[in-house]
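Notes follow the structure.
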Ligand code: MHO
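In my numbering, the protein residues as written are 1 to 252.
Structure, rendered in structure tokens:
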């Protein structure tokens, strides 16, 4: 083998290696730029989240109310409490429209979420029908104690009887994508920004940014909270300005 041949082979090998390295770093850069589109509020991973489920009439409203609560990480609307398998909005059997939230108990307690539940409806009124019944679904003994205690307290402080049910959660069936973050889905330009970030409807549903926006757009949340989060929701300059303006803050 001539020296010349070895030299050429060696150079070729080096070139192939170099091309590979360049390719790999280009891929990594692409991945990074995709990642940077994810809203800052969604970039955190959580351990030890808890889950709570509430039925409060039409689930669109509760989704927005809980979505604005600091410490609530994910919200989803769905059907619970009934026996039929795989209910849908137009065929929900004896299920009830419900909101399920995953929350960080270091930031918001179950008791605070239950407080919102009791304050968001009239517990002494008889539910209109099963679809819109008021139900506090507990997930474990800890939640059961709080649910039953707060129910009892309301019974004791009134001469009327609490009509709201307190029941264990069984299966929760997430509702159709168009019901998730309903208020946000009605609000351009916000929904187009979020749809670009999350083309997959389950990713959109599970996004904290989408939950907060859905809440803020329904008028929940405080100006302070909106100001603090405005840069973390993945919004364009235009959408960010519009959100701030809604809360009387200067968008520019
Ligand atoms: N009255 C509301 C109910 C929707 S809620 C998801 C409507 O149809 O506009 O049940």
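Note that CB positions come from ideal geometry on N, CA and C, so glycine has one too.
query	result
Same chain, Cβ closer than 8 Å to residue 167, five either side skipped, listed in chain order	81, 135, 136, 137, 138
As assigned by DSSP and simplified to three states, the class of residue 78	strand
Whole-angstrom C-beta distance between residue 74 and residue 180, which should lie under 8 Å	Contact flag wrong, Cβ pair sits at about 11 Å.
Residue range of the unbroken beta strand (DSSP E) whose run includes residue 51	50-56
Pairwise C-alpha distance: residue 132 and residue 202	24 Å
Residue 60: CB within 6 Å of a non-hydrogen atom of the ligand MHO	yes
Residue(s) in a DSSP beta bridge with residue 103	50, 72
Minimum C-alpha distance to residue 253 - residue among 44, 15, 42, 99	Any property of residue 253 remains undetermined from this structure, which presents the chain solely from 1 to 252.
Exposure label - residue 12; buried when at least 16 CB within 10 Å	exposed
Beta carbon proximity, residue 91 to chain D, threshold 7 Å	The structure shown contains no chain D; it is built from a single protein chain.
DSSP state of residue 36 mapped onto helix, strand, coil	Low local confidence applies: a pLDDT of 44 at residue 36 is under 50, so the model's placement there is unreliable, with the coordinate-based value given in what follows. Coil at residue 36, not helix or strand.
Buried versus exposed call for residue 42 [16 or more other C-beta atoms within 10 Å across all chains shown]	buried
Assigned secondary structure, residue 127 (DSSP; H/G/I helix, E/B strand, else coil)	coil
Residues near residue 216 by beta carbon distance below 7 Å, same chain, minus five either side	68, 226, 243
heavy atom of the ligand FMN below 6 Å from residue 14 C-beta	For the structure depicted, the ligand FMN is absent and the ligand set comprises only the ligand MHO.
Whether residue 102 touches residue 56 by CB criterion (7 Å)	no
Start and end residues, beta strand (DSSP E) containing residue 174	172-174
Rounded straight-line distance, which links the Cα of residue 188 to that of residue 107	30 Å
Contacting residues, own chain, Cβ-Cβ under 8 Å from residue 163 (five flanking each side not counted)	123, 124, 125, 126, 127, 134
Residues bridged to residue 135 [DSSP beta-bridge criterion]	55, 165
Nonlocal neighbours in the same chain, by C-beta distance under 7 Å from residue 86, ignoring five residues either side	173
Own chain residues within Cβ distance below 7 Å of residue 111, not counting five before or after	146
Alpha helix (DSSP H) segment containing residue 201, residue limits	201-205
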